[in-house]
Each structure stands twice: as C-alpha cells, then as structure tokens.
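Using the UniProt record's numbering, you'd call the opening residue of the sequence shown number 1 and step up by one each time.
Virtual Cβ for every residue (Gly too), placed ideally from N, Cα, C.
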Amino acid sequence: MLGIVPVAAVSAAWPGVAAAVRPDGGAVLIRDVRIFDGRRMLDGRRSVLIRDGVIAAIGDRGLVGDGMKVVDGRGGTLLPGLIESHVHTFEGSSADALRFGVTTELEMFGEPGQLAVAKQRRRSRKRVTAADLWSAGNGVTVPGGHPVNPGYEFPRVLPETDLDRFVADRLQEGSDYLKFVYEPGDPPDRPLPSLSLEQVTATIRAAHRRGRLAVGHVEKLKLYVEAVLAGADGIVHVPYNAVASAAEVETIRQTGSFAVPTLSVVDWGLGAKSLLADDRITPWLSPTQQYLLSQEPPDRPGRPDFLGIASANVRRFHAAGIPVLAGADAPVRANVSGASLFTELEHLVRAGLTPAEALTAATAAPARHFRLTDRGRITPGRRADLVLTTDDPTQDITNLRTLHTIWKNGHQVDRTPPPEEES
Ligand SMILES: [Zn+2]
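Following this line, the structure appears as structure tokens:
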C-alpha cells in the first residue's frame with residue numbers, strides 16, 4: 001500500500017542525517033521504497049530524504065527526525081521525474097506535462113517570449129504547477145520551410161544570411177540550444193524548401209563556437225547521416241523512410257550523436273487511443289489533452305509502415321550503442337504533453353529497449369546529453385523531482401501508468417486537471 005502517513009516523532013536511524021533535519025515539517029521522507037535511480041534499480045528497499053527541494057540523503061532503512069512528512073513507499077517504485085526530449089509548448093501544456101510526472105520538458109522549436117521566465121523558474125525550488133522548460137526557441141529554417149504554420153512569425157534564413165550572426169541572435173533571444181530543419185528534396189517527396197547542407201554546417205559550427213548544442217529535425221535516412229556527419233549533437237526524429245544498413249548505423253554511432261525517435265508521431269493515433277481507453281489515465285487528463293488525443297490523424301492512402309520502419313531503426317541504433325532519448329513531439333498528431341511520453345516509452349520497449357533502458361531514455365540520458373546537471377537521477381544533491389508508481393515499471397513499462405505521487409522541487413503535485421473552459 002502507498003499512502004502519506006504523518007508521523008509525529010520517529011527515532012533517528014541515519015547518523016549524520018537526522019541532526020541536520022529541521023523540525024519544521026519542511027522535510028519529506030519517502031520510506032522503504034524500491035528506487036530506479038535513472039540508470040538502474042538499487043538493491044532492496046531504501047528511504048529518500050527530501051529537504052529544501054533537493055534529495056538530501058538516501059538510506060538503507062529510513063527513520064529520521066521529528067515532524068517531517070513521511071510517505072510509506074512500501075510496494076512502490078520511486079523514479080526520477082521524467083524528462084521529455086521533444087515537445088512544443090502552449091498555454092497550459094507544461095501543467096498538463098507535470099500532472100503526468102514530466103517534470104522537465106525540452107522544447108524543439110517554440111515561441112521565445114516565455115524563455116526568460118522559464119529560465120528563472122527552472123532555477124527556483126519553489127512550488128510550481130508546471131514542468132520546467134528548456135527550449136530551442138526559434139529554430140533555424142528557411143522561408144516556406146518546415147514548420148509551415150507555427151502560428152507566429154519568426155526570423156528565417158535567407159541565402160545571404162550570416163548564420164554565425166543568426167545563431168548569436170537566437171541565443172540572445174533565450175534559446176538554450178539550436179534546432180535546425182534539414183529536409184532538402186524534390187516534390188512530391190518533400191515539397192518544402194530547406195536549409196542546404198552548407199547552411200546546416202554553418203549553424204552547427206556557430207552553436208558549438210558558443211558552447212551550445214545543435215540538434216536537427218531530419219526525417220530521411222540519407223539526410224540523417226549527412227546531418228550527424230556535419231556535427232549535429234542529436235537528431236530529434238529517427239528516419240521512417242528506410243531502415244539503416246549496418247554501415248550507416250556504424251557511421252552514425254561514430255559521430256556520438258543521440259536520437260530522439262518520436263515513434264509517437266508515426267504511430268498514427270495508436271498511443272492516443274490506448275490512453276483514452278485507460279482509466280488509470282483519463283481522470284487526470286485536461287480538456288485540452290482529451291481534445292488532442294481524440295483527433296484522428298488524417299489517413300494517407302498507401303502510407304508505408306512508418307512505425308515499423310522507424311522502430312527497426314530504433315532497434316538497430318540502440319543495439320549499436322547510439323543514445324536514445326524519449327520524446328513524443330506533442331501536440332503533433334494526437335500526442336499530448338505528459339501522457340504521450342508513456343506511450344512513447346512503450347513504443348521504445350517494443351522496438352527493443354528494456355523497460356529500464358526506456359526509463360533511462362526519459363531520465364538520466366536526457367539530463368546527461370542536454371547537460372542538466374541538477375536532475376534526472378535519484379542521488380543526493382539532485383533536485384527532488386520524483387515520481388512514485390504503485391507497480392514497478394522496470395518490470396513492465398506500462399506500469400508507469402500506475403503513477404501515484406509526483407514531487408516537483410520537493411513539493412507534492414496536485415494532479416487535479418483544470419476544469420473545462422467556459423466559452
Ligand atoms: Zn517537433
């Protein structure tokens with residue numbers, strides 16, 4: 001059973017820890033819980049002490065201090081707060097994410113106006129009602145290129161644009177990393193204009209010169225190889241037009257780049273349907289999430305098996321040791337912030353990752369590759385962004401759906417969804 005049990009006074013069993021605990025009730029002890037630390041399951045049951053929004057200590061058996069809130073974690077599994085590596089945010093979406101245990105979102109193109117506030121918020125340890133945000137801000141693309149209808153105007157790259165200056169301007173706007181779109185090709189295969197490979201290379205160099213990552217939107221296998229050879233740190237989709245050969249996989253591996261497969265984008269609503277049919281999920285969905293999940297992606301007659309091809313690439317990339325990070329690309333094609341990360345992880349497991357490896361793809365791996373040094377692991381000193389599940393998701397990834405309690409900055413998150421907006 002999992003439950004929050006107020007304990008008035010318990011004896012101190014952690015030498016050196018108890019003495020530091022203030023008797024003001026500001027500390028939380030999650031007791032006797034199995035811990036997946038972001039990389040692996042720790043042996044036996046442990047207890048985790050949270051203080052001032054940070055993981056203060058992890059002990060074998062936990063009884064500490066006076067007046068702190070004690071959570072009986074017996075039977076449950078504690079994980080780092082989830083990090084989603086490909087979203088696009090809008091009003092309310094980061095709150096939707098947090099209610100499903102996604103405590104950090106990495107946006108891969110978005111309106112830069114919110115970034116100053118986002119930077120402040122992610123440094124704070126106050127109670128918040130939304131996931132922390134890192135963002136590419138305005139991406140690097142050409143007039144008429146992808147994304148065609150982002151809903152707002154932003155600067156685009158012309159043939160004469162100085163890309164070093166262009167990248168500097170994006171960082172000035174608040175971009176944390178650079179995202180470029182590389183999709184050259186001829187109609188009808190790819191009717192949109194695109195950056196050239198020279199422009200992609202110049203973008204990556206300008207980002208690296210300033211110590212920032214450059215990631216790419218690339219959909220086709222041949223272009224994926226070109227982009228990582230040009231120095232891209234990661235590509236935020238896997239190819240779904242062709243399965244990579246052993247030689248291509250080896251070329252990609254040698255670049256050290258990571259992949260964010262976004263299999264949810266090519267599942268054509270499959271994940272959305274399974275979420276809407278699950279009463280472990282539906283009580284927590286906002287009206288917006290329900291609306292987005294019930295969208296039927298328009299059918300494409302004769303559409304190849306995009307999910308099968310992309311999954312085969314994930315299987316090969318992962319087997320070769322190419323780092324895989326999890327992201328569902330919400331709100332694209334019936335995906336939503338938060339809940340769709342669950343179905344993305346389920347896709348990754350079907351593609352060949354173990355459940356624990358899939359969980360790493362949504363915790364420690366994105367923290368490492370995006371240099372988020374204060375989160376993504378359960379270890380003393382890291383931010384107390386945590387999720388507790390009733391059943392063990394390292395045994396069966398669908399057990400992530402038994403999400404029970406979420407802490408953000410050490411504060412328990414209210415999972416009540418917002419009401420329907422009056423129109
Ligand atoms: Zn996207």
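- Contact check, Thr343 vs Ser264 under 8 Å by CB: the rounded distance? 6 Å
- Query: What number of angstroms, rounded off, separates the C-alpha of Ile4 from the C-alpha of Gly211?
  - Reply: Confidence at Ile4 is low in this model, with a pLDDT of 40, below 50, so the placement of that residue is unreliable and no value is reported for it.
- Pull every residue with its beta-carbon under 5 Å away from any heavy atom of ligand 1, and keep them in chain order. Met108 and Asp329
- So the alpha helix (DSSP H) Val103 belongs to, where does it begin and stop? Looking at the sequence itself, residue 103 is Thr, so the reference to Val does not match. In the DSSP assignment, Thr103 falls outside any alpha helix (DSSP H) and lies within the beta strand (DSSP E) extending over Val102 to Glu107.
- Task: May I have a chain-ordered list of the alpha helix (DSSP H) segments no shorter than 4 residues that lie completely inside the region 54-86?
- Result: none
- Taking the continuous beta strand (DSSP E) assigned at Lys220, which residues delimit it? From DSSP, Lys220 is part of no beta strand (DSSP E); its letter is neither H nor E.
- Could you tell me the distance, in whole angstroms, from the CA atom of Ser135 to the CA atom of Arg371? Cα to Cα, the separation comes out at about 13 Å.
- Query: Should the region 334-341 be called in touch with the region 99-108, which here means at least 3 C-beta pairs below 8 Å?
  - Reply: yes
- Message: I believe Tyr182 touches Val218 by the beta-carbon criterion, under 8 Å. Please report the beta-carbon distance rounded to the nearest angstrom.
- Response: 5 Å
- Taking 8 Å as the cut-off, decide whether the C-beta atoms of His86 and Leu106 are in contact. The answer is yes: Cβ separation under 8 Å.
- So Ala326 packs on Leu345, CB below 8 Å; how close in whole Å? 6 Å
- Contact belief for Val324 with Val314 at Cβ below 8 Å, rounded distance in angstroms: 6 Å
- Check Arg205 in the structure and name its three-state DSSP category. helix
- Query: If you draw a straight line from the C-alpha of Gly216 to the C-alpha of Gly59, how long is it?
  - Reply: For Gly216 and Gly59, the distance between alpha carbons rounds to 42 Å.
- Item | Beta carbon of Asn138 nearer than 8 Å to that of Pro112 | Note that the C-beta distance between Asn138 and Pro112 is below 8 Å.
- Message: So, under 8 Å CB-CB, Ala206 and Leu276 are touching, yes? Tell me the CB distance rounded to an integer number of Å.
- Response: The pair is not a contact, with the Cβ atoms about 43 Å apart (cut-off 8 Å).
- One or two residues paired with Phe90 in a DSSP bridge: In the DSSP output, where bridge partners are listed per residue, Phe90 has none listed.
- Message: With DSSP as the reference, identify every bridge partner of Val33, one or two as the case may be.
- Response: Arg46
- Message: Residues in the same chain with beta-carbon distance under 7 Å from residue 425, minus the five sequence neighbours each way, listed in chain order, please.
- Response: Because the chain spans 1 through 423 in this model, residue 425 falls outside it and cannot be assessed.
- Tell me whether Gly44 is buried or exposed, calling it buried when 16 or more other Cβ atoms sit within 10 Å of its Cβ. exposed
- Message: Suppose the cutoff is 7 Å on Cβ atoms and the five residues either side in sequence are ignored; what does the same chain contact list for His411 look like?
- Response: Contacts found: Arg127.
- Query: What is the rounded straight-line gap between the Cα of Arg316 and the Cα of Val249?
  - Reply: Roughly 7 Å between the two C-alpha positions.
- With 16 other Cβ atoms within 10 Å as the buried cut-off, status of Ser175: Buried.
- Query: Quick one: what does DSSP say Thr389 is sitting in, helix, strand or coil?
  - Reply: strand
- Item | Opening and closing residue of the beta strand (DSSP E) in which Lys126 lies | Under the DSSP assignment, Lys126 falls outside any beta strand (DSSP E); it carries neither an H nor an E label.
- Alpha carbon to alpha carbon, what distance is there between Phe258 and Gly321? 10 Å
- Helix, strand or coil for Leu115 per DSSP? helix
- Item | Cβ-based neighbour list, residue 427, same chain, cut-off 6 Å, excluding 5 preceding and 5 following | Examination of residue 427 is not possible in this model, given that the chain is present from 1 through 423 alone.
- Query: Among Pro419, Arg300 and Ala130, which one has its Cα closest to the Cα of Gln290?
  - Reply: Looking at the Cα atoms, Pro419 is the closest of the given residues.
- Task: Output the distance between the C-alpha atoms of Pro193 and Val200, rounded to the nearest integer angstrom.
- Result: 14 Å
- Message: Going by the DSSP bridge assignment, what does His411 pair with across the sheet?
- Response: Lys408
- Item | For Ile252, three-class secondary structure by DSSP | Here Ile252 sits in helix by DSSP.
- Message: Which of the three DSSP states is assigned to Leu325 in this structure?
- Response: coil
- Task: For Gly265, write down the residues that DSSP places opposite it in a beta bridge.
- Result: The question names Gly, but residue 265 is Val in the sequence shown. Looking at the DSSP assignment, Val265 forms no beta bridge with any residue, so it has no partner.
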